[in-house]
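Residue 5 in the UniProt record's numbering is what sits at position 5 of the sequence shown, and the numbering runs on without skipping anything.
Backbone N, C-alpha and C define an ideal beta-carbon position, used for all residues, glycine too.
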Amino acid sequence: MRFFETKFLEEAEQFIAQLDPKTIKKIFYNINLAEHTNDPKLFKKLQNDI
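Have a look at this one:
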């Protein structure tokens, strides 16, 4: 079950494209995990912004 969908700004896509493949893989792994997990610990720093 997907709880939200992540969309990147063009600037973010350009930034990510400049990173090394291992870092890119880790970023997308964490985003995928967050999208499919309802874990308040993942978002504890963002509670006031959501």
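Counted as a single uninterrupted DSSP element, the alpha helix (DSSP H) harbouring Asn30 occupies residues Pro21 to Glu35.
Annotated as distal: Ile24 and Ile31, with beta-carbon spacing of 8 Å or more.
Each of Arg2, Ile27 and Met1 was checked against the Cα of Phe8, and the nearest Cα belongs to Ile27. Each of Lys45, Lys44, Pro40 and His36 was checked against the Cα of Phe3, and the nearest Cα belongs to His36. Pairing Leu42 with Leu33, the inter-Cα distance amounts to about 10 Å.
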